[in-house]
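Numbering (our numbering), first residue to last: 2 to 464. Ideal placement from N, C-alpha and C gives every residue a C-beta, glycine not left out. All figures in this text were calculated on a predicted structure; none of them were measured in a lab. As structure tokens, the structure follows; a few thoughts come after it.
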Ligand code: PNW
């Protein structure tokens, strides 16, 4: 039987706004997601994260379920405005207490905490007062907030992720406007991206300078889907490569190489801000590991300029800037997000990163799928999700055999939760959540995942 390396880390992931609820409890300040989701029309059925899975009150029960699942690590995020209600200045000790207890409970259960500092729920005050990710004070505010987290939690937390998916923040938040703060622009995404990179780098410098004795590791999580050339033509191969550079190298090149990719500089001109030489030096080398969120694959072709029926949510960014035309194979199975299930794309993605960034240690910090799961006779028979995990984890195993340094894998998500603008019927969880009663229930895929962890292999069948 093919197995993963002995030290392979099996985990699951969540984020604060998607699961916690208690949006106004015990001193938490509002975030841009509280504000955005309260505007009629911005989310599916007007749903919000006000209660979500009520993890804030149910975290002990959730950690017991994690223990039952046998996971070694749990990735969650801290809501900035829960511990700093306006994003700067005053600290909310009640909020600190919540995360402190959560961390203690995880450690008691032998589960290693992986903490994301920013998973999109920016304190609303920072949006209003500092122009959010467009302002040039934001990176310093983020670094101060990160410092507080290292100080209060770093004795027990040894794995830090600064930002979750800056691409989504920039493109969906400042380009397409489908996520908070809901801005629509073709230039702001590149400005926001610039501040996000600076914020990440400043936080890492504080960690390395002030908290070296904590002996932890710190990195960033970027998302990227695979782009497969539609045909063998050089034009299409170049288009696919360009798409990957606008997607992932946008953020990873500054961090691993010191600057934006050439193709972005050429095509964007003055719309892409420049890093000073000092900033380049400050940014380069600021990730101890390569965090990757990977969900799907699309074909990429050179865009000949003809009108297209574009799929907005989840497309490749600002396509005019790239001259890339994305499409799907009609034989691919789609999840409820309309994301295609293509395990070999995951293997190619890992190999591309391995090659471009000189064999970094990679963690898949998210991979998973949404389906319209139903509880029938007390059970959720999510065979499609089981097959999804089996396929993607097998692809991971093959990548490792080929020499890719993939060190861990976090399933998205531990449980069904608030899927942002798509609300609650896009169910991504290994655990089913009844959003009326808030009861949790392991799905069939969770039972499979548990066996896979036990055997340290994805080549297993459920008995
Ligand atoms: C990620 N896209 O979001 C997030 O990190 C999670 O919070 C989220 O629940 C999960 O993936 C599933 O959506 C993404 O359009 C949202 O390409 C959109 C895209 C990618 C990732």
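* Asked: Taking the Cβ atom as the reference point for each residue, do residue 301 and residue 341 lie within a distance shorter than 7 Å?
  -> no
* Please report how far the alpha carbon of residue 425 lies from the alpha carbon of residue 370, in whole angstroms. => 14 Å
* Asked: At a cut-off of 6 Å, is residue 166 close to the ligand PNW when judged by its beta-carbon and the heavy atoms of the ligand?
  -> yes
* Three-pair Cβ contact test at 8 Å for the region 286–298 versus the region 216–225 -> yes
* **Member of 235, 398, 227, 164 whose CA lies at the smallest distance from the CA of residue 287** => 164
* To do: Compute the distance between the beta-carbons of residue 268 and residue 322, then report whether it is under 7 Å.
  => yes
* **residue 394 versus residue 419: straight-line alpha-carbon distance, rounded** => 25 Å
* Near residue 126, what residues of its chain come up, given a Cβ to Cβ distance below 7 Å and the 5 sequence neighbours on each side ignored? -> 30, 87, 88
* Out of 213, 63, 351, state which residue places its alpha-carbon closest to the alpha-carbon of residue 443. => 63
* Take residue 195 and list the residues in its own chain whose beta-carbon comes closer than 7 Å to its own, dropping the five residues that flank it on each side. => 274
* Among 389, 441, 326, nearest to residue 380 - alpha-carbon criterion -> 441
* **Sequence-distant residues of the same chain with beta carbon closer than 7 Å to residue 337, five excluded per side** => 371, 372, 373, 427
* **Delimiting residues of the alpha helix (DSSP H) encompassing residue 245** => 235–245
* Asked: Using a Cβ-Cβ cut-off of 6 Å (strictly less than) and excluding sequence neighbours within five positions of residue 364, which residues of its own chain qualify?
  -> 290, 292, 408, 409
* **As assigned by DSSP and simplified to three states, the class of residue 82** => helix
* Count the CB pairs spanning the region 40–50 and the region 139–156 that are closer than 8 Å, and state whether there are at least three. => no
* Mind checking whether residue 71 and residue 454 have CB atoms under 7 Å apart? -> yes
* To do: Since I believe residue 74 is in contact with residue 113 (beta carbons under 8 Å), could you give me their beta-carbon distance rounded to a whole number of angstroms?
  => 4 Å
* Those residues which DSSP pairs with residue 227 across a bridge -> 298
* Scan the region 333–394 and note each continuous beta strand (DSSP E) run of 3 residues or more that stays entirely inside, going in chain order. => 363–368
* **Spatial neighbours of residue 313 in its chain, beta-carbon cut-off 8 Å, leaving aside the 5 residues before and after** => Caution applies to residue 313, whose pLDDT of 40 falls short of 50 and renders its modelled position unreliable; the value that the coordinates give is listed next. Contacts found: 177, 179.
* Quick one: does the C-beta of residue 224 sit closer than 6 Å to a heavy atom of the ligand PNW? -> yes
* Asked: Going by DSSP, which residues form a beta bridge with residue 326?
  -> 302
* Please indicate yes or no: does the CB of residue 16 lie closer than 6 Å to some heavy atom of the ligand PNW? => yes
* Length of the line joining the Cα atoms of residue 264 and residue 19 -> 35 Å
* To do: Mind checking who residue 101 pairs with in its DSSP beta bridge?
  => None; residue 101 has no bridge partner.
* To do: Following the continuous alpha helix (DSSP H) through residue 18, name the residue where it begins and the one where it ends.
  => 17–20
* Contact set for residue 135: own chain, Cβ-Cβ below 8 Å, skip 5 residues either direction -> 175, 189, 192, 193, 196
* Distance between residue 187 and residue 319 (C-alpha atoms, nearest Å) -> 7 Å
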